[in-house]
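S.K.: My numbering puts the last residue of the sequence shown at 479; the count rises by one with no breaks.
Using N, Cα and C, we set each Cβ at its ideal position, and we do this for glycine too.
As the structure is a prediction and not an experimental result, all values here were calculated from the model.
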Amino acid sequence: MVNLIPPNGRAAGNIIFATDLMCRSTQSKGNQTPNSPALTASPGDMIALRYQENGHVTEPFNQPGKPENRGTVYVYGTAEASDSDTLLSIHNVWNSEGTGGDKRGKLLSTQNFDDGQCYQINSSNISEARQEKFPHRADLLMGADLWCQVDITIPSSIAAPGMYTLYWVWDWPTAIGTIGQPDGLLEIYTTCIDVNLVDGVGTSEEIVNFSEEQDSNSAAISSELFTPYSSSYSSFSPSVSSSSSLSSSSSLSSSSSSLSSSSSSLSSSSSSSSSCSSLLSLFSSS
Numbered sequence: 194m195v196n197l198i199p200p201n202g203r204a205a206g207n208i209i210f211a212t213d214l215m216c217r218s219t220q221s222k223g224n225q226t227p228n229s230p231a232l233t234a235s236p237g238d239m240i241a242l243r244y245q246e247n248g249h250v251t252e253p254f255n256q257p258g259k260p261e262n263r264g265t266v267y268v269y270g271t272a273e274a275s276d277s278d279t280l281l282s283i284h285n286v287w288n289s290e291g292t293g294g295d296k297r298g299k300l301l302s303t304q305n306f307d308d309g310q311c312y313q314i315n316s317s318n319i320s321e322a323r324q325e326k327f328p329h330r331a332d333l334l335m336g337a338d339l340w341c342q343v344d345i346t347i348p349s350s351i352a353a354p355g356m357y358t359l360y361w362v363w364d365w366p367t368a369i370g371t372i373g374q375p376d377g378l379l380e381i382y383t384t385c386i387d388v389n390l391v392d393g394v395g396t397s398e399e400i401v402n403f404s405e406e407q408d409s410n411s412a413a414i415s416s417e418l419f420t421p422y423s424s425s426y427s428s429f430s431p432s433v434s435s436s437s438s439l440s441s442s443s444s445l446s447s448s449s450s451s452l453s454s455s456s457s458s459l460s461s462s463s464s465s466s467s468s469c470s471s472l473l474s475l476f477s478s479s
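1) Around the Cβ of Leu472, are there at least 16 other Cβ atoms within 10 angstroms (buried) or fewer (exposed)?
2) Starting from the Cα of Ile209, find the closest Cα among Pro366, Gly293 and Leu280 and give me that residue.
3) How long is the line joining the alpha carbons of Asp295 and Asp276, rounded to whole angstroms?
4) Where Ser450 and Val195 are concerned, what is the direct C-alpha to C-alpha distance, given to the nearest angstrom?
5) Mapping DSSP to helix, strand and coil, what is Lys326?
6) Which parts of the segment 232-258 are runs of the alpha helix (DSSP H), unbroken and 4 residues or longer, counting only runs that do not cross its ends?
7) State the start and end residues of the unbroken beta strand (DSSP E) segment that holds Ile209.
8) Under 8 Å Cβ to Cβ from Ile314, same chain only, skipping five residues before and after it: list those, please.
9) Which runs of the beta strand (DSSP E) fall wholly inside the segment 278-317 and span at least 3 residues, in chain order?
10) Taking only three categories from DSSP, how would you classify Thr219?
11) Can you tell me which of the three DSSP states Ile319 falls into?
12) Who does Asn389 pair with in a DSSP beta bridge?
13) Suppose the cutoff is 6 Å on Cβ atoms and the five residues either side in sequence are ignored; what does the same chain contact list for Trp287 look like?
14) Quick one: what's Gly336 bridged to in DSSP?
15) From Gly377, Pro348, Thr384 and Gly373, pick the residue whose C-alpha is nearest to that of Thr271; which is it?
16) So is Gly377 buried or exposed if we call it buried at 16+ other beta carbons inside 10 Å?
17) Alpha carbon to alpha carbon, how far is Pro253 from Asn305?
18) Could you tell me how far apart the beta carbons of Trp363 and Val266 are, in whole angstroms, since I believe they sit closer than 8 Å?
19) Hey, Gln342 and Asp308: beta-carbon distance below 7 Å or not?
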């Protein structure tokens, strides 16, 4: 489910308001997309959030002025989600220690949108090189493409049973001075994901090693498992202006995605093998 901030056609221009909600009304707490049930997991579980690159990675020449890492994906988590949660009260405010802002949640991951493996099948040099290096068998979920992913761990300190909400934010700015966009462009896309937490021993409590010889359909990204806060690009830090809004001339931000379902499992093991215990899928659109 795509939530574009700021929305296209905003009368005030390319400006983010302090009142802009993190989630669309259709993604309010407990409101699931049809045929997309909430994922069930346990505190400490490792989860892969997967999404199509939609040409943003393999055909970068189509969108000048975008960051080389194809934008940055931030994942925030909270057990105290509110339908009134706003982007600017959380994004670049909540931190990994859980001490930022109102302290209701924390930053779980910061990663490049391009995970270094994903591709859409096309004739670009990037796609063809990755098809050769990261082959995979087509399946009903991804088809022939290999989707990108961000791997996170649900904090083991979260109480179960209960609901844990993930806020997925793709920071996808156009740089100031780009032809056609001399002032730059704010372009942030979010999706909101509820996870049903149940009692259990999370995979992060086990000794987990990464096996390089895995099916790309179910393998995690090893670097993301062991380095949850990594990105080769940093956008300007949002700051609310005197008019309680954020404009592209003062900061830049992100782009596109939506929620789907899957209860498929990624492999994990108590002493050797892989990574993530659960799979959640995000569909991007441009």
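M.R.: Answer, in terms of the structure:
1) With a pLDDT of 49 at Leu472, under the threshold of 50, the predicted position of this residue should be treated as unreliable, and no value is reported.
2) Leu280
3) 15 Å
4) Note on Ser450: pLDDT 32, under 50, position unreliable in the model; the coordinate value appears next. One C-alpha to the other measures close to 5 Å.
5) helix
6) none
7) Ile208 to Phe210
8) Ser320, Gln324, Ala337 and Asp338
9) 298-305
10) Three-state result, Thr219: helix.
11) DSSP places Ile319 within a helical segment (H, G or I) once states are collapsed to three.
12) The partner list for Asn389 (beta bridge, DSSP) reads Thr233 and Met356.
13) Tyr269, Gly293, Gly294, Gly298, Lys299 and Leu300
14) Residue pairing from DSSP places Gly336 in a beta bridge opposite Asp332.
15) Pro348
16) buried
17) Rounded to whole angstroms, Pro253 to Asn305 spans 14 Å at the Cα level.
18) Contact annotation, Trp363 with Val266: C-beta distance approximately 5 Å; criterion of less than 8 Å satisfied.
19) The Cβ-Cβ distance between Gln342 and Asp308 falls below 7 Å.
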